[in-house]
Amino acid sequence: MELKDVAKAHIHAYNAMFEDHILESVVANIPPMVIGRAKLIVDEIHVQKPMLSDKEHISIDRRLLPRECRERNLTYNGRLTVRMSLYYDNRHVVTENKAAGCIPIMVRSLLCHLDSIHDKSSVGEDRDEIGGYFIVNGVDRLVRFNTLQKRNYAFAYIRTPKENYMTKHMISIRCVGSDEIGQMNMLHYCMNGNVIMKIFYMRKSYLIPVVLILKALVNTNDEEIFDVLGGCQRAIQLIKCFAEYNVFSKSECMDYIGSRLMIMTNSKTKMEAAGEVLSRCVATHLTSSADKFNFLVLAIKKLFLFVDGKVKEDDPDHSSNHELLTETQIFSTLLRDKIDESLRLLRLTCLKPLRSLRRQEASKSGSEGLSTDEDDDENNLDITSVRDTFKKFRLSIGEKLELFLSTGNITQVVSSDITNASGLSIVADRINFYRFIAHFRGISRGAYFETAKITKTRKLRPETWGFICPVHTPDGSPCGILTHLSKYAEVIGLLEEFDENVLFELGVVPLVRGWHTGVPVVVDGKVVGFTKMPRVLANALREYRCKNALRIEIVHQHGVGVFETVNVFVTRGRLTRKVLNRKEQKHEWIGIMEQIFLDIDLTEKRNYKHGYCEIDNTNILGIVAGLIPYSDYNQSPRNMYQCQMAKQTMGTPGHNMSTRTDVKLYSVNYLQSPIVQTEGYGLLKDYPMGLNCMVAVLSYTAYDMEDAVVINKGSLDRGLFTGYVYKNEKVVLKKGCHFTFLPFRGQMMKINDVLYKYIDDDGKEYTVKYHGGDEGMIDTVRVFQNDLHKCATFTIRVIRNPTIGDKFCSRHGQKGVCSVHWPSSDMPFTESGYAPDIIINPHAFPSRMTIGMLVESIAGKVGCLEGKVQDGTPFKKKSVLYEDTDKEIVSDAEERKKILCEELAKHGFNYYGNEPMYSGVSGNEFRVDVFVGVVFYQRLRHMVGDKFQVRTSGAVVSTTKQPVGGRKRHGGVRFGEMERDALIAHGSAYMLNDRLMKCSDATKFDYCAQCKSILFTNNGECRCGNKILRVVEMPYVFKYLCSELLAMNIKLSINF
């Protein structure tokens, strides 16, 4: 795997719209907009590469590059043009290319300028730019993969229906056509034996008897339906239930459907309405009515077996029953939805003048309302008015796509399978490069499941082996909901051609209407034939796939409680990976759904009874999880924590930091490559994230309790973990304003220093001061203009030396805060005179069971002594990385550890890594040897400088007079219920009074002893007439409470 392949799935999904002609399919499926005698047809959609706007006429190079979009807060987009033709009485009137706004362009896609630039660093990009994201208003944003039900396949579920006449048994089908717009079809089994089909039109559900749909699709009769359904008793009952509708022929069924849905479809006739419903809502992945008929028959047969208990329920949480929602389906759905919306708006615009005229005539004649027919209004439209309206009409399709990317929320009505409407796009932040690439491999089940208290959807299932990383998932509410792809798992974005004639050459009997025998063979939801030898057919298809290096999925479902079929999937959004075909001795692509029906060898002994074997057992891990050395020695939660902490490490966000304008970037000086590496580290070797430190496991001071670490002050003085924070402040002046003062590069900025000055149209000058939390140096000043607005971006570099309270961690989830900078003269030292950089408490290991860190410590020491990079890849035998496998003599993991210990002994060190150490204070030798080694440590971005909060006085809330909250607002520190209980338990009454009143909202009030209240006193007198008042001190929020109770007609009496 190469670094450019990390985002390949996203790039292929975006390119599929152009390479696989999906945009053409979207246009072809848009029905003509009929306005009386006029007809409007969408002919073509054209997208250009990103170019500068016409207002910017100075630049000779008209290309708009990603770097300029980031620096100028622009959106990286290309112009979108829609070609539309107007006909009147079936005669062509005019054809125009309508400007429809701009569509966001994915970086490194076909339409991106970087795709043709070899040296990307010459245009301000990272030389290893992976692409796969969008730039919206100067911010990198990414479409995150979401899971959906596998397309074009009938799943049997048990669901509690809303209608009381239905049973819990149902068939769910997600149909996706060539335009990548999906529709849900559901078959519900009723109490009386009938089968009702639920379809969706404009996201509204409609219930139609399935026999009515079957007869509307093809010319058939009850006898044929009875035969194709297997001639069972349930088929007889189904036909009996339909007899009450008293419709028989195809035309009668079409008329029946159209009469009930004609208003919703805005069709002229019942036949047109029925035709639109059958084409847009029923089995939309198929174009032929006969294919739709056969597919529905197959689904009904599975439903009957499911009701009889012969077929088990499919698990909706199984990853094998899922596929991914990618940019292909989202963009095609949004484009289709916005075009339909624009056509409907154009129709209303054409009819508006005529309806307004009719309304005026009705008011003059004294009639109560419009008594005209809508068809009469449309037929009265002349060609001149329609043509003028058509020419003036403006499209704004690109705005919806940009709004989706900037918010992550999707609103559309043409598709019914996208149920998750929020969180589909996220910010591709670059805290470090590990976090950046992890976004491209993430898979989300949806925002709903994060809040749902369900464990079933979060389970790690065996069928995800090799496809979903079992380690890389967050802890907390997203655990198991947000997962990540394994390193070598791929998502199908571009389709491959599959010739269906191959099936007939392999013995599949073609489908003949009315004759069904054997196991059905289905290709992408289309029943192509039957076979009596499904196992032989599946093996022959897999051999054909292996020889031709195809990435199709061949699923022969068989077993007890399984509806036996042979399915071939050639669709997008599928997960696939490579295994070794032992017979052919070639790599073969398999799918996640077929994996559970294959025999794949996982053992090291290679049992040749299996037809397949794993190429490498470490392929189950993701990119980030594969960087943990000796992770097979650690407790599993610690590996999960390390995946999260690796994405919070201060490291290398990229090699183009000088051209980036992210809100905040982190960097560390003198970063190193680890001495102990895994095989996956070569992918990210140019983006180091830490330093090799000498670590002693010792309880030397009282400062190393509670996961705290002691750091050698001398190491810090030499630059250990010295880092920088780059903050960018963006300024947009009002129209007509100009800058009069800007800081120079290298200027030191302190609090309340002048950041910039500007003047308005009236010549009045304004001064803006720097209010950042830290003193810093001006690194870069960018001045530019957007839409007649003067803008500037200030990059401020803040140095961050490690301080007490900053977090550090190893690559095994052993995190801790720096508790003290211990002087070098007082640090313990070894016989060689070396003092450790970090001291960690030995109590950190027993409970967390991070044995991998101990092994890494030994391997790191061996690597230093031998000058060789040590191999910490899990499940491996060899101990030295980049060494010939012919020299490998290790038989198992135990021998691997022994070799490391023997290498230590060869160099004169203790076999187990322990060394005698001497106190830096007294010089005496410790009574026990200390475990010392080299461990790769990381500095996390959680620093005291960003989190400490203190104030003496400041802004307060106007209603309660208490300090405002929030560090940015210079607010106070919250003193909550638990803190209050702790002080009460200690009996610290005065401190409690000081925290909750004196330092918060202590206020003096005039108290009236006669009416026993503080609400009615003013200027030394109470409203009751009493002038003898008493001054009391209490929290102001108590007065606020009394006022609220008084508003509810409750008076509070206070006794002192």
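The opening position of the sequence shown corresponds to residue 1 in full-length UniProt numbering, with each subsequent residue numbered one higher.
Glycine residues also receive a C-beta, built at the ideal position from the N, C-alpha and C atoms.
Task: Cβ-based burial, residue 941 [other Cβ within 10 Å; buried from 16] - done: buried
Task: Straight-line gap, residue 478 to residue 445 (C-alpha atoms, nearest Å) - done: 9 Å
- [ ] Report yes if the CB atom of residue 501 is closer than 8 Å to the CB atom of residue 652, and no otherwise.
- [x] no
- [ ] Taking 8 Å as the threshold, find out whether the region 727-744 comes into contact with the region 779-794 through three or more Cβ pairs.
- [x] yes
- [ ] Kindly confirm or deny that the region 542-551 and the region 305-323 touch, where touching means at least three C-beta pairs closer than 8 Å.
- [x] no
Task: Classification of residue 288 by the beta-carbon crowding that lies within 10 angstroms, buried from 16 upward - done: exposed
Open item on the list: Please state the DSSP three-state secondary structure of residue 126.
Closed with: coil
Open item on the list: So, with DSSP's three-state summary, where would you put residue 1016?
Closed with: coil
Task: Status (buried if at least 16 other CB within 10 Å, exposed otherwise) for residue 968 - done: exposed
Open item on the list: Can you tell me whether residue 228 is helix, strand or coil according to DSSP?
Closed with: helix
- [ ] Please report how far the alpha carbon of residue 301 lies from the alpha carbon of residue 252, in whole angstroms.
- [x] 25 Å
TODO: Closer than 7 Å by C-beta to residue 220: which residues in its own chain qualify, once you throw out the five before and the five after it? Chain order, please.
DONE: 214
Open item on the list: Tell me the residue span of the beta strand (DSSP E) that contains residue 757.
Closed with: 754-759
Open item on the list: Rounded to whole angstroms, what is the Cα-Cα separation between residue 193 and residue 205?
Closed with: 21 Å
Open item on the list: Since residue 225 and residue 211 should fall inside the 8 Å C-beta cutoff, what is the C-beta to C-beta distance between them, to a whole number of angstroms?
Closed with: 7 Å
Open item on the list: Checking the sheet assignment: what are the DSSP bridge partners for residue 692?
Closed with: 936
Task: Beta-bridge pairing of residue 223 - partner residues as DSSP gives them - done: In DSSP, residue 223 forms no bridge with anything.
Task: Start-to-end residues for the alpha helix (DSSP H) that takes in residue 66 - done: 66-72
- [ ] Within its chain, find whatever has a CB closer than 7 Å to the CB of residue 700; leave out the 5 residues flanking it on each side and keep chain order.
- [x] 710, 828 and 839
Task: DSSP state of residue 315 mapped onto helix, strand, coil - done: coil
Open item on the list: As a quick exercise: from 123, 585, 95 and 128, pick the residue whose alpha carbon is nearest that of residue 686.
Closed with: 128
- [ ] Quick one: which unbroken alpha helix (DSSP H) runs of 4-plus residues sit fully inside the region 848-886? Chain order, please.
- [x] 851-866
- [ ] For residue 809, write down the residues that DSSP places opposite it in a beta bridge.
- [x] 815 and 938
Open item on the list: Taking a contact to mean a Cβ-Cβ separation below 8 Å, would you say residue 858 touches residue 904 in this structure?
Closed with: yes
Open item on the list: For a quick check, are the C-beta atoms of residue 971 and residue 963 less than 8 Å apart?
Closed with: yes
- [ ] Please work out which residues of its chain come closer than 6 Å, Cβ to Cβ, to residue 679, disregarding the five sequence neighbours upstream and downstream, and give them in chain order.
- [x] 873
Task: residue 785 burial status per 10 Å Cβ neighbour count (16 or more: buried) - done: exposed
- [ ] Leaving out five residues on either side along the sequence, give the residues of the same chain with a beta carbon under 6 Å from the beta carbon of residue 153.
- [x] none
TODO: Classify residue 905 as helix, strand or coil using the three-state DSSP reduction.
DONE: helix
Task: Backbone CA spacing between residue 278 and residue 597 [nearest angstrom] - done: 35 Å
TODO: Return yes when the Cβ of residue 156 is within less than 8 Å of the Cβ of residue 86, no when it is not.
DONE: no
TODO: Mind listing, in chain order, the continuous beta strand (DSSP E) runs of no fewer than 3 residues lying wholly within the region 904-990?
DONE: 930-939
- [ ] Out of 543, 1040, 558 and 624, point me to the one whose CA is closest to residue 1060's CA.
- [x] Any question about residue 1060 goes unanswered here, given that the chain covers just 1 to 1056.
TODO: Could you tell me which of 497, 981, 633 and 641 sits nearest to residue 471, measuring between CA atoms?
DONE: 641
- [ ] For the alpha helix (DSSP H) containing residue 253, list its first residue and its last residue.
- [x] 250-265
Open item on the list: Judging by CA-CA distance, which residue of 72, 17, 118 and 125 is the nearest neighbour of residue 656?
Closed with: 125
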